[in-house]
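Residue numbers (my numbering): 327 to 586. Notes to accompany the following structure.
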Amino acid sequence: KMGFAVAEEARDRGADVTLVTGPVSLADPAGVKVVRIDSALQLRDAVVGAAEAADIVVMTAAVADYRAAEQSTEKQAKVAGNVTIHLTPNPDILAELGRNKGKRVLVGFAMETHAGVERAAGKAQRKNADFILLNYPTREGTAFGGDDNQVTLVRADGSYEDWPRTTKREVARKLLDEALGMSLTVKDGQRLRLNAIGQRFHARCSTAFEELRAAAAEVERSKNPNNLYVSGLPSLMNKWLGPLIYEWQHEHDDLDIYLD
Ligand code: C5P
Numbered sequence: 327k328m329g330f331a332v333a334e335e336a337r338d339r340g341a342d343v344t345l346v347t348g349p350v351s352l353a354d355p356a357g358v359k360v361v362r363i364d365s366a367l368q369l370r371d372a373v374v375g376a377a378e379a380a381d382i383v384v385m386t387a388a389v390a391d392y393r394a395a396e397q398s399t400e401k402q403a404k405v406a407g408n409v410t411i412h413l414t415p416n417p418d419i420l421a422e423l424g425r426n427k428g429k430r431v432l433v434g435f436a437m438e439t440h441a442g443v444e445r446a447a448g449k450a451q452r453k454n455a456d457f458i459l460l461n462y463p464t465r466e467g468t469a470f471g472g473d474d475n476q477v478t479l480v481r482a483d484g485s486y487e488d489w490p491r492t493t494k495r496e497v498a499r500k501l502l503d504e505a506l507g508m509s510l511t512v513k514d515g516q517r518l519r520l521n522a523i524g525q526r527f528h529a530r531c532s533t534a535f536e537e538l539r540a541a542a543a544e545v546e547r548s549k550n551p552n553n554l555y556v557s558g559l560p561s562l563m564n565k566w567l568g569p570l571i572y573e574w575q576h577e578h579d580d581l582d583i584y585l586d
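As structure tokens, this is what we get:
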């Protein structure tokens with residue numbers, strides 16, 4: 327459910343989304359490319375393939391650390407006494423993506439029973455993830471099965487934020503705000519400036535505004551030539567777009583933009 331929420335939120339913000347999912351009862355979300363897998367090995371291939379062209383990779387899956395070393399297509403007869411099953415480690419997909427990170431923002435999830443922040447920060451560092459959303463199986467109303475989640479954002483540098491318990495969709499929203507904040511900007515001395523991904527978003531956003539302005543102009547001109555009311559674009563209200571709109575408005579100082 328958490329992965330589906332992230333996919334739907336990213337789609338609604340205009341991203342091209344690939345959702346890789348195991349066998350769950352949830353229906354394919356519209357407007358998202360869905361890849362169904364049955365094993366950790368298939369998951370690895372699907373994720374590594376999709377990650378190549380991705381700006382942001384979010385790994386919500388609780389992948390098993392081990393799988394049965396041998397598989398049988400035939401039924402095994404019962405034997406007397408205990409049985410030993412040999413397990414072999416699964417590939418750590420997040421760590422593999424971390425070794426080949428490029429400019430991607432990598433986000434992981436982790437479930438811990440104790441020393442959560444410390445362990446999650448260590449995990450983010452080891453796996454070269456930008457941040458990890460941590461939750462505790464012992465807390466009520468977290469993660470498995472439900473529609474709500476209560477997580478702590480833990481960055482690789484050890485800084486963290488406790489987020490209140492809320493819907494998975496809201497967690498997805500905040501997760502993408504954080505990831506986009508990291509992926510849109512680079513530090514240039516004291517200044518933050520847009521990186522290549524940020525510039526692409528900026529271009530898209532400016533074009534959308536130009537179109538809206540042209541459409542709105544005819545209606546609005548007679549009433550108030552300097553105001554443009556923009557509605558129905560909820561993603562533009564997100565904090566990561568705020569600075570872009572601000573910057574854009576400065577380039578068009580004849581216009582006041584109101585968002586709702
Ligand atoms: O299992 P662990 O707590 O280390 O998982 C942390 C992160 O690593 C999660 O985002 C999970 O999706 C990812 N992971 C993975 N491949 C594994 C195990 C975990 O990508 N075999």
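Beta carbons are placed, not taken as given, at the ideal position from N, Cα and C, and that holds for glycine.
Relative to the C-alpha of residue i, which candidate in the options has its C-alpha closest?
| i | options | result |
| --- | --- | --- |
| D594 | V343, N461, V389 and A436 | Given that the chain is displayed from residue 327 to residue 586, the structure contains no residue 594 and the question cannot be resolved. |
| V477 | F435, P349 and D418 | F435 |
| R430 | D371, A380, P349 and L501 | A380 |
| K327 | T344, V350, V343 and D338 | V350 |
| P463 | P415, V433, E438 and G407 | E438 |
| G484 | E444, R495 and K427 | E444 |
| G428 | H440, D503, N454 and L413 | N454 |
| E396 | A403, L413 and T492 | L413 |
Check this for me: beta carbons of residue i and residue j, under 8 angstroms apart or not?
| i | j | result |
| --- | --- | --- |
| D456 | M385 | no |
| L460 | G471 | no |
| G424 | A387 | no |
| V346 | V383 | no |
| A394 | I419 | no |
| A498 | V358 | no |
| A447 | V480 | yes |
| E335 | L502 | yes |
| P417 | Y392 | no |
According to DSSP, is residue i part of a helix, a strand, or is it coil?
| i | result |
| --- | --- |
| I363 | coil |
| R481 | strand |
| A436 | strand |
| R393 | strand |
| I591 | The first residue shown for the chain is 327 and the last is 586, placing residue 591 beyond what the model contains. |
| L502 | helix |
| L352 | coil |
| E487 | strand |
| V374 | helix |
| V343 | coil |
| D338 | helix |
| S561 | For S561, the pLDDT reaches just 46, beneath the cut-off of 50, and the residue's location in the model is therefore unreliable, leaving the point undetermined. |
| K327 | coil |
| S548 | Because the pLDDT at S548 is just 46, under 50, the model does not fix this residue reliably, and the value given afterwards should be weighed accordingly. Looking at S548 - three-state DSSP - the assignment turns out to be coil, as it is neither helix nor strand. |
| Q402 | coil |
| G357 | coil |
Let's test the definition: count the other Cβ atoms within 10 Å of the Cβ of residue i and tell me whether it reaches 16, buried, or not, exposed.
| i | result |
| --- | --- |
| R362 | exposed |
| D586 | Unreliable placement is indicated for D586, whose pLDDT of 49 sits below 50; no coordinate value is reported for it. |
| L367 | exposed |
| R452 | exposed |
| N475 | buried |
| L506 | buried |
| T344 | buried |
| V405 | exposed |
I'd like to know if residue i contacts chain B, where contact means its C-beta is closer than 8 angstroms to some C-beta of that chain.
| i | result |
| --- | --- |
| N461 | Absent here is chain B; the protein component of the structure consists of one chain. |
Name the DSSP bridge partner or partners of residue i?
| i | result |
| --- | --- |
| N454 | None; N454 has no bridge partner. |
| I382 | V431 |
| N461 | M437 |
| T492 | N475 |
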